[in-house]
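Here's the structure, in structure tokens; my notes come after.
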Amino acid sequence: MMMTFFLVFLGLLVIYILAKFLYKSWWYPISIQSLMKSQGIRGPPYKFPNGNETEIRDMEMKSNTGHIELRHDIFSVMQPHLQSWIKLYGRNFLIWHGSEPELIVTDVDMIKEILNNKEGAYVQRKFGGPLLDLFGNGLPFSEGQKWSKLRKVADYAFHGQSLKEMIPAMIGSAEAMLKTWKSYEGKEIEVYEQFKLMSAEIISKTAFGSSYLEGKHIFQMLDKLTRIIYMDHRKTKIPGIKTSGEIESGKLREALRDSIMLMLKKREDNVKTGQAESYGGDFLGSLLKAHHDADVKTRISADDIIDECKTFYFAAHETTTNLLSWSVLLLASNPEWQEKARQEVLELYGQETPKTESISRLHIVGMILSETLRLYSPVIYLVRTAARNTRLGGLTIPAGLGLYVPPLFVHNSCELWGDDAHLFKPERFAEGMAKATRDQLMSYLAFGFGPRKCVGNNFATTEAKITLAMILQHYKFTLSPNYIHSPTVVLNLQPKHGVQVILSPL
Ligand code: HEM
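Printed below as a string of structure tokens:
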């Protein structure tokens, strides 16, 4: 009797697992494919078990051989699968990551609808594994009330008066970096690693009130996590079995948690023992204040703070490092723009240190940065998931469908930017963003668009303007013959072998 019951149970379990497996790997893909096809959306056919991952990986390996000529239309090199499928299937098409469908959207009106949505129809995509360990559920991955709370704290900390008060620290760090450049005068210098150290120092000082040395351990762990994500990406995963990367990233998550908790405790103890009157006026102080808020509704948890710290340590230094590195590459290979920018800086400041009030008058430097971000947008993935069945540009979108907006395609589009879209032409931005985008602001996606637009936008451009201005005040630079043009994506778009220039003092 017992045996029969067990066998029936086992049989039902096997049928359940099989039905679930068949639903996920066959019925669901087939039904989504036919729903989208009935609306005119085509794409490479779904293949079991990897979807289109193998084709994508093969095309990427073929196109990005590790060394390309110094051209700026890098979309076809970085995302050859999108390039060839747009030609084959049109502006919007469906692809497969395993059995997860993703609609690629390049139509700007639809992009606007997705990124500007305020009714929660499209939510941030949830990740697991190493990506979750890197960011947790911080601001970029939160929704609803939690997102509003965290966004308010971050908006306050990185804009207006708070941002102004950070400028002296930014100048101080750029000055310290330039002191070390003296030993490179007349020689080659690799700037990516230089900017990485400097921007880590800046976010440590301005947002977390610590020196780079104090935050060094955190940065090293974040770097390690980023590398794990890179190695793990597109590895075939067996459900229920952790990859070695996932195991290591779990350990790093715990170590990061301990380091950040220690930093928080130090501040809390200072207030408890009367050594400090408040938690501090910086970002970390605002987070702690929100954690101790008397109103439960606006209070944030200790885990929220830990996730925010990881997010901001990472987001603030990786992206800005890449922006600065690509802009040095572009100025080294476009000496006329380097000279124009230098003239602007020298007219404003001579050899004096830049002034807080006049950073916004670095107009040409600003144009150069905008054009750099158009051609070498550090963030090349803007992804969402449909939270419910919804309508998008006349299409019926089923709940759970992934959506992907590719900034590199949009930025390289001749239709949006003209036939010279692939050229470095900062003059596009001479009369502001609206004019440059012909009033279609969503055709510039370097900082995203809509309510989830980058919260560190002004912080990053201020830091980059100051750094570039101070370099231009002291040095001319030309591209070193050792530079290898090899843009690569390790979460952000970065120069694989760094950027080497020859430094000549003015
Ligand atoms: C050149 C530098 C930067 C670039 C190109 C950049 C790019 C972006 C982009 C494209 C998004 C939108 C993502 C989406 O819609 O899914 C974003 C969001 C975000 N960025 Fe940045 N970023 C930069 C610098 C920074 C800095 C310096 C910080 C922190 C101080 C930061 C913190 C964030 C955060 C927290 C979000 C999420 C905002 C939200 O979901 O409400 N970023 N960034």
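To convert, note that position 298 of the sequence shown is 308 in the numbering used here; the numbers rise steadily by one, no gaps. We treat Cβ as the ideally placed atom computed from N, Cα and C, and that holds for glycine.
Burial state of residue i (16 or more Cβ within 10 Å)
i	result
Ile-66	buried
Ser-296	buried
Gly-284	exposed
Glu-367	exposed
Ala-342	buried
Cys-424	exposed
Tyr-26	exposed
Leu-20	exposed
Met-427	The sequence shown places Trp at residue 427, not Met. By the neighbour-count rule (16 or more Cβ atoms within 10 Å), Trp-427 is buried.
Ala-186	exposed
Gly-130	exposed
Glu-287	exposed
Leu-521	For the chain, the structure presents residues 11 to 516; residue 521 sits outside this window and is missing.
Phe-103	buried
Met-46	buried
Thr-331	buried
Residue i CB to nearest heavy atom of ligand 1 below 7 Å
i	result
Val-389	yes
Val-465	yes
Gly-458	yes
Leu-232	no
Phe-137	no
Arg-384	no
Ala-164	yes
Phe-469	yes
Phe-168	yes
Ala-325	yes
Leu-392	yes
Pro-150	yes
Leu-333	yes
Arg-161	yes
Phe-419	no
Ala-205	The question names Ala, but residue 205 is Phe in the sequence shown. Not under cutoff, so the answer is no.
beta-carbon residue i near ligand 3 non-hydrogen atom, thresh 7 Å
i	result
Lys-215	Among the ligands present in this structure, namely ligand 1, ligand 3 is not found.
CA nearest to the CA of residue i, picked from the options
i	options	result
Ser-86	Val-500, His-421 and Tyr-38	His-421
Glu-349	Ile-481, Thr-236, Ala-286 and His-327	Ile-481
Thr-471	Phe-168, Gln-155, Leu-405 and Arg-462	Phe-168
Ile-105	Gly-170, Gln-43 and Gly-428	Gln-43
Pro-39	Leu-272, Leu-516, Val-509 and Gly-410	Gly-410
Asp-83	Phe-103, Val-133, Phe-469 and Leu-418	Leu-418
Gly-154	Tyr-132, Ser-370 and Gly-290	Tyr-132
Gln-361	Ile-124, Pro-150 and Leu-516	Leu-516
Gly-100	Phe-293, Val-115, Ser-109 and Tyr-289	Val-115
Ser-453	Phe-293, Ser-387, Leu-503 and Ala-479	Ser-387
Leu-266	Leu-379, Gly-225 and Lys-122	Gly-225
Ala-351	Glu-278, Lys-174, Lys-276 and Glu-437	Glu-437
Leu-405	Arg-52, Thr-216 and Tyr-33	Arg-52
Arg-398	Leu-478, Pro-408 and Ile-390	Pro-408
Gly-466	Arg-135, Met-13 and Val-163	Val-163
Phe-322	Met-271, Glu-256 and Ala-210	Ala-210
Lys-72	Tyr-56, Pro-90 and Phe-58	Pro-90
Leu-358	Glu-346, Glu-195, Asn-280 and Ile-374	Ile-374
Ile-251	Thr-236, Trp-37, Asn-127 and Gly-139	Gly-139
Ser-94	Phe-137, Ser-48, Lys-30 and Asp-68	Asp-68
Thr-329	Phe-218, Lys-57, Asp-119 and Tyr-202	Tyr-202
Leu-294	Glu-195, Ala-304, Lys-307 and Lys-275	Lys-275
Ile-121	Lys-197, Asp-429 and Val-393	Val-393
Lys-128	Val-118, Leu-272, Ala-446 and Trp-157	Trp-157
Ser-490	Pro-505, Val-509 and Gln-483	Val-509
Ser-335	Asp-233, Cys-464 and Gln-204	Gln-204
Met-271	Gly-260, Asp-313 and Asp-233	Asp-313
Residue-chain proximity (residue i, chain B), Cβ-Cβ < 8 Å
i	result
His-373	Considering every chain present, this structure includes no chain B. It has just one protein chain.
Within 8 Å, strictly: CB atoms of residue i and residue j
i	j	result
Gly-442	Asp-317	no
His-432	Ile-78	no
Thr-216	Asp-292	yes
Glu-112	Tyr-485	no
Pro-497	Met-88	yes
Ile-181	Trp-191	no
Lys-2	His-327	One cannot answer for residue 2 here, as it falls past the ends of the chain, which runs 11 to 516.
Leu-125	Gly-460	yes
Leu-503	Ile-369	no
Leu-262	Met-241	no
Leu-235	Leu-149	no
Pro-416	Leu-92	yes
Leu-160	Ser-152	yes
Lys-197	Leu-513	yes
Asn-344	Phe-434	yes
Arg-384	Ala-479	no
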